[in-house]
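Sequence positions in the sequence shown follow my numbering and run 1 to 160. Scroll down for the structure; my scribbles are underneath it.
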Amino acid sequence: MANKCISCNNCGHTGWSKNRGNFLITIVLAIFFFIPAVIYEIWRRTGLGVCENCGSDLVQPSNSCTSNRPSDAGDFIVLGVLGFIGSIVVVVIYAFFNTLINGGPSTQKTTKDYELICMTQGLKHYQQQGQYPMLPNGVETSTHVMGVCKKSKDGKFKAP
Ligand SMILES: [Zn+2]
């Protein structure tokens, strides 16, 4: 972890170090590549950190810090943000693969679609037989076809 007491070889400052790198980079990484973002964030916290005064990493451990060590509150914010982005990434990936496996919501046919396809075929069938708009037994052809096609699961009209 950073937040170590260091003295800087670059500017001579003695104080608590900051995490190296930039948290904004972690955010951008997390949106596109979640795992590298976590690795990057871990890397930021390893080592001595950088000088809080000039940002240089030419620092060496020191024990002459006079002020109190800064709190770790920032770490909880980082974990919260990463966790939040992580959950979004998981949901998006899940939705993506779900769409991939089911062939997408646009190509998925509902019972209503199958009923329509079935009825189109049925009406065509009776038109060819000259039994439209009335069947020989006096029933309206469209009413009969509608009944046969109700709850159709494959969209195929089966002539009786
Ligand atoms: Zn410095």
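All C-beta atoms in this analysis are idealised placements derived from N, C-alpha and C, irrespective of residue type, glycine included. Here the structure is a predicted model, which is why all the values come from computation and not from measurement.
- Within 7 Å of the C-beta of cysteine 5 there is not a single heavy atom belonging to ligand 1.
- Counting along the chain, valine 59 sits inside the beta strand (DSSP E) bounded by residues 59-61.
- Contact between glycine 49 and alanine 2 holds: CB atoms are separated by about 3 Å, below the 8 Å threshold.
- Note: threonine 14 is bridge-paired with Ser7 in the DSSP secondary-structure output.
- Taking 8 Å as the upper bound for CB-CB distance, glycine 12 and cysteine 65 are not in contact here, some 14 Å apart.
- By the C-beta density criterion, asparagine 102 is exposed, having fewer than 16 other C-beta atoms within 10 angstroms.
- Relative to ligand 1, the nearest heavy atom lies less than 7 Å away from the CB of asparagine 10.
- Distance from the CA atom of histidine 144 to the CA atom of glutamine 108, rounded to whole angstroms, is 27 Å.
- Taking the C-beta atoms as reference points, phenylalanine 84 is found no nearer than 8 Å to cysteine 118.
- Counting along the chain, the unbroken alpha helix (DSSP H) around aspartate 113 starts and ends at 111-128.
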